[in-house]
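Right, one structure below, let's go through it.
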C-alpha cells in the first residue's frame with residue numbers, strides 16, 4: 001500500500017487529480033510532460049521540483065497565485081498519511097481535518113473522488129469569488145443581461161452606412177481607387193485597392209454611481225457594467241462616488257469573479273458619499289476631449305442624490321450634453337410610479353438629459369432598447 | 001540535440017552572461033520550454049522585460065530572432081506569406097512575346113522567387129532552429145489566435161499553388177501579452193505559462209547597476225527606491241523597468257550624483273508618459289521624497 005503512494009509517478013498523477021478538484025485544468029498531457037522532463041532533471045532539490053511542477057501546470061495568473069498553497073497542502077498531507085500508515089498499519093481512521101479542503105484532499109488520497117465537484121476542463125469561479133467585499137454578488141443574471149445587451153448593441157451597430165472606406169483586407173476590390181492609383185503607371189493595374197462598407201461606430205460611455213445611496217442596487221449595477229463591457233467593444237466605463245475612476249480594463253476580464261476581485265482591490269470609494277458634480281467635472285477636464293464626440297452615447301447611472309456642488313454638476317452636464325450624441329440618465333428610483341425627479345442634483349441635471357428612464361432589473365433594461 | 005543534456009544551472013548562467021538578471025522561476029520556464037520544445041507564453045505589465053527574454057535566448061543559442069508583432073487586424077496573409085503580385089505582373093509583361101505556354105508561365109510565377117515570406121513561414125524554413133517571438137499576442141483578433149493555434153501545433157503551412165511546406169526545424173516560440181484581453185484556454189494549453197511582475201528592490205537595483213555601468217552607487221539606489229514607491233501610487237500608466245533604466249541612463253549621462261526635487265521635476269517626463277500622472281506625482285512629490293529618504297539625506 002505504501003509503495004503505491006511513494007512511487008513518484010503515482011504521486012504526480014494523484015497531485016494532478018487533486019488540482020483538478022480545485023479547478024485547475026490539468027490533463028494527461030501535463031502529467032506526461034512532468035514525467036518526461038523529470039527524466040532529465042535532478043529532482044532531489046525540493047525547490048526545483050516545486051518550480052518545475054508550477055511552471056508546467058499553471059496556465060494563468062490566478063493559477064500561479066493559488067498553486068503555492070495547494071502544493072504545500074498536498075505534500076504535507078501526503079507526508080502525514082504516510083506516517084500514519086507506517087505507524088498504524090492497515091487501520092483506517094481519518095486523521096482530524098479542520099478544513100473542508102482537507103476533507104476533499106483526504107477523499108482524494110483514499111481514492112474516493114467526490115463526483116459532484118469534479119471538473120475536468122472548466123474553470124471554477126468559486127474560489128476567486130471569496131474576496132471580501134463582493135463575496136455576496138452572484139453572477140446569476142450576467143448571462144441574461146448579456147443576451148439582452150447583445151440585442152441592444154446589435155441595434156446600435158445595425159445602422160449601416162452606405163459609403164465605403166478603403167481597407168487593407170483583400171476583400172472587395174475598389175475599382176475607382178485602383179484605376180486612379182495606377183494611372184501614373186500608364187493604366188497598368190499594378191496595385192489593387194480594396195474597400196469595405198463603412199460602419200457607423202456608436203461609442204458608449206458609462207458613468208456609474210457607486211455611492212452609499214445606490215447600495216441597494218449594487219449587485220445589479222456590477223453585473224450590468226460587467227455584461228455591457230463584455231458585449232460592447234467600443235465602450236468606456238467609469239465609476240464615481242466622491243471621486244472618479246476608470247474601470248474599463250478591470251471589466252474586460254473573462255470571468256465575472258476575476259473582474260470583481262480586481263474591482264474590490266482597485267477602489268476604496270465604494271459606499272461612500274456622493275459628489276456627482278465634482279466627479280463629472282473631473283471627467284470633463286481629464287477625459288472628455290478623448291472619449292466624447294458626436295458619435296458617443298453617454299449613459300449615467302445614478303439616483304441624483306448629491307452632497308456636492310450643484311452648480312458644478314450643471315456645468316459638467318451642459319458640457320457632456322453639448323459634446324455627445326445623446327445623454328441617457330438611468331435612475332433606479334424612476335421605476336416607481338410615484339417618483340418625481342425632485343432631488344436637487346437630479347433637477348439640475350434634467351435639462352441636459354435626452355432620455356430619462358428607470359433601470360433596476362432586466363425587465364426594465366428591455367424597455368430601454370426602444371430609446372437607443 | 002543540444003537541448004537534451006541542458007541543466008537548469010546552465011540556463012541560469014546563460015541568461016546571466018547575456019546580462020539578464022532573473023529569478024528561478026524564469027530560468028525554470030526557459031529551461032522547460034527548451035527541454036520540452038514547447039512555446040512559452042509570458043504575461044506581465046509593460047516594460048518588465050518580456051520581449052527581452054526572447055532576444056537573450058536568441059543571443060545565447062546563437063540563432064536568429066524572428067519577430068511577429070501582433071496588432072488589431074493582423075491576418076494570415078501578413079503573418080504567413082503573400083504572392084508578390086507586382087513582380088508577377090511585371091514578369092508576365094516582360095515575357096509577353098516568349099513562346100512559353102500558359103502552363104509554363106503559371107508555374108514560373110507561382111514559384112519561390114515570387115513568394116514573399118512573412119515571419120511564420122520564415123520561421124519554419126530556416127536552416128537553423130530560430131527563436132520566434134510573437135509579440136503582444138493579445139492585441140490580435142480572436143480569429144488570428146485560432147489560426148495561430150493551428151500553426152503552433154502542426155508546424156506546416158499549406159500554399160495551394162505550391163503545396164505543403166513542412167518545418168525544417170521547429171522554432172523556439174515565445175509569446176508575450178499584456179493581459180489587455182484574455183487569451184483563449186486552447187492557446188494557453190499549448191504553452192508553458194510565465195508571469196513576470198515588477199521586480200522588487202534588490203532585483204531592480206541589481207539590474208540598474210548592471211545595465212548602466214558607470215552609474216553612481218547612491219544615485220542608482222535612490223532611483224530604484226523612488227521607482228518602487230512610484231509603483232505603489234495609483235497611476236494611469238505604472239512605469240516599468242524600461243523606464244527605470246531610461247531614467248538611470250539619462251541622469252547618469254547628465255553626471256548627476258544624487259536625486260533632488262528640481263532634478264526629479266525636470267526629468268519626470270522620462271518616467272511618466274501621461275499628464276495626469278505627472279500632475280499627480282508633482283503634487284505628492286514631497287511625500288514621495290520623504291518615503292524614499294532622499295530629503296533626509298540631503299539635509300544631513
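Residue numbers (full-length UniProt numbering), protein chains in the order written: chain S, 1 to 372; chain U, 1 to 300.
We treat Cβ as the ideally placed atom computed from N, Cα and C, and that holds for glycine.
Keep in mind the model is a prediction, meaning the values are calculated, not measured.
Requested in this report: Tell me, to the nearest whole angstrom, how far the beta carbon of residue 58 of chain S is from that of residue 198 of chain U; I am working on the premise that it is less than 8 Å.
Outcome: The C-beta distance from residue 58 of chain S to residue 198 of chain U rounds to 19 Å, too long to fall under 8 Å, and the pair is not in contact.
Contiguous alpha helix (DSSP H) assignments of at least 4 residues, all confined to the stretch 201-271 of chain S: Residue ranges of uninterrupted alpha helix (DSSP H) with 4 or more members, entirely inside the stretch 201-271 of chain S and ordered along the chain, are 218-231, 248-251 and 256-266.
Review point. So which of S:39, S:17, S:226 and S:27 has the shortest CA-CA distance to residue 70 of chain S?
Key: The residue with the shortest Cα to Cα distance from residue 70 of chain S is S:17.
Do residue 355 of chain S and residue 304 of chain S come within 8 Å of each other at the CB atom, strictly closer than that value? Against a cut-off of 8 Å, the Cβ pair of residue 355 of chain S and residue 304 of chain S comes out as no contact.
### Query
Among U:68, U:274 and U:278, which has the Cα closest to the Cα of residue 265 of chain U?
Ranked by Cα distance from residue 265 of chain U, the options U:68, U:274 and U:278 are led by U:278.
Would you tell me roughly how many angstroms separate the C-alpha atoms of residue 359 of chain S and residue 296 of chain S, rounded to the nearest one?
-> Roughly 20 Å separates the two Cα atoms.
- Can you find a C-beta in chain S that's less than 8 Å from the C-beta of residue 105 of chain U? Among the CB atoms of chain S, none fall inside 8 Å of the CB of residue 105 of chain U.
| request: Whole angstroms is fine: what's the gap from residue 76 of chain U's alpha carbon to residue 211 of chain U's? | output: Going by the C-alpha atoms only, they are around 38 Å apart.
Report yes if the C-beta distance between residue 177 of chain U and residue 72 of chain U is below 8 Å; otherwise report no.
Not a contact, by the Cβ cut-off of 8 Å.
Notebook entry, point to check: Taking the Cβ atom as the reference point for each residue, do residue 302 of chain S and residue 272 of chain S lie within a distance shorter than 8 Å?
Noted result: No; because the gap between Cβ atoms is not below 8 Å, this pair is not in contact.
- request: Could you check if residue 236 of chain S is buried or exposed, using at least 16 other CB atoms within 10 Å of its CB as the buried criterion?
  value: Residue 236 of chain S comes out buried.
For residue 142 of chain S, I'd like the list of residues in its chain whose CB is within less than 7 Å of its CB, leaving aside the five on either flank, ordered along the chain. The beta carbon of residue 142 of chain S is closer than 7 Å to those of 223, 226, 227 and 256 in its chain, skipping five residues each way along the sequence.
*asked:* Beta carbons nearer than 8 Å to chain U: which residues of the stretch 49-61 of chain S have them?
replied: If the cut-off is 8 Å between Cβ atoms, the stretch 49-61 of chain S has 51, 52, 54, 55, 56, 58, 59, 60 and 61 near chain U.
Using beta carbons (cut-off 8 Å, strictly below), is residue 77 of chain U in contact with chain S? Output row for residue 77 of chain U: interface = yes.
The beta strand (DSSP E) that contains residue 329 of chain S, what's its start and end? Element bounds for residue 329 of chain S: 326-330.
Practice prompt. Report yes or no: do the stretch 31-40 of chain S and the stretch 161-175 of chain U share at least 3 C-beta pairs separated by less than 8 Å?
Written response: The count of Cβ pairs closer than 8 Å, one atom from the stretch 31-40 of chain S and one from the stretch 161-175 of chain U, stays below three, leaving the stretches out of contact.
**Prompt:** Looking at chain S, which residues of the stretch 10-27 of chain U have a Cβ within less than 8 Å of any of its Cβ atoms?
**Reply:** Hits within the stretch, in order: 24 and 25.
Exercise for review: Leaving aside the five residues before and after residue 281 of chain S along the sequence, list all residues of the same chain whose C-beta is less than 6 Å from its C-beta, in chain order.
Suggested key: So the qualifying residues of the chain are 312 and 316.
What residues are listed by DSSP as bridge partners for residue 167 of chain S? Its beta-bridge partners are S:194.
_I want to verify the contact list: residues of chain U whose CB lies under 8 Å from the CB of residue 37 of chain S, in sequence order._
Within chain U, the residues near residue 37 of chain S are 32, 35 and 36.
When you compare the CB of residue 276 of chain U with every CB in chain S, is at least one pair closer than 8 Å? True, the Cβ-Cβ gap to chain S drops below 8 Å.
**Prompt:** residue 205 of chain S to residue 268 of chain U, Cα distance in whole Å?
**Reply:** Cα-Cα distance, rounded: 31 Å.
Problem - Under 8 Å (Cβ pairs) to chain S, residues found in the stretch 145-179 of chain U - result: Taken in chain order, the members of the stretch 145-179 of chain U whose beta-carbon sits within less than 8 Å of a beta-carbon on chain S are 179.
- Consult DSSP for residue 200 of chain U and reduce its assignment to one of helix, strand or coil. Three-state DSSP puts residue 200 of chain U in coil, outside helix and strand.
**Message:** Is it buried or exposed, residue 233 of chain U, if we count other Cβ atoms within 10 angstroms and call 16 or more buried?
**Reply:** Exposed, since its Cβ has fewer than 16 Cβ neighbours within 10 Å.
Requested in this report: Report buried or exposed for residue 121 of chain S, applying the criterion of at least 16 other Cβ atoms within 10 angstroms of its Cβ.
Outcome: Residue placement at residue 121 of chain S is flagged as unreliable, the pLDDT there being 36, under the threshold of 50; a coordinate-derived value is accordingly withheld.
Note to self: Pop quiz: residue 64 of chain U and residue 126 of chain U are said to be a contact at Cβ under 8 Å. What is the actual Cβ separation, rounded to whole angstroms?
What the structure shows: Contact flag correct, Cβ pair sits at about 6 Å.
Within-8 Å CB hit, residue 193 of chain U to chain S
Closer than 8 Å: yes.
- [ ] Scan the stretch 119-131 of chain U for residues whose Cβ lies nearer than 7 Å to a Cβ of chain S and list them as they occur along the chain.
- [x] Within the stretch 119-131 of chain U, no residue qualifies.
* To do: Determine the chain S residues that contact residue 29 of chain U at a beta-carbon separation under 8 Å, and present them in chain order.
  => Those within 8 Å of residue 29 of chain U in chain S are 55.
Three-way DSSP call (helix, strand, coil) for residue 355 of chain S in this model:
The three-state reading of DSSP puts residue 355 of chain S in strand, counting E and B together.
query = According to the neighbour-count rule (16 or more other Cβ atoms, all chains shown, within 10 Å of its Cβ), is residue 252 of chain S buried or exposed?
reply = Residue 252 of chain S should be labelled buried.
| query | What three-state label does DSSP hand residue 306 of chain U in the structure shown? | reply | Since the first residue of chain U shown is 1 and the last is 300, residue 306 of chain U is not available in this structure.
* To do: Name the residue from S:68, S:339, S:322 and S:231 whose alpha carbon lies nearest to the alpha carbon of residue 145 of chain S.
  => Among S:68, S:339, S:322 and S:231, the Cα nearest to that of residue 145 of chain S belongs to S:231.
(request) Taking residue 33 of chain S as the query, report the chain U residues whose CB atoms sit under 7 Å from its CB, ordered along the chain. (result) What residue 33 of chain S touches in chain U: 36.
message = Can you check whether the C-beta of residue 319 of chain S is within less than 8 Å of a C-beta belonging to chain U?
response = Residue 319 of chain S does not count as touching chain U.
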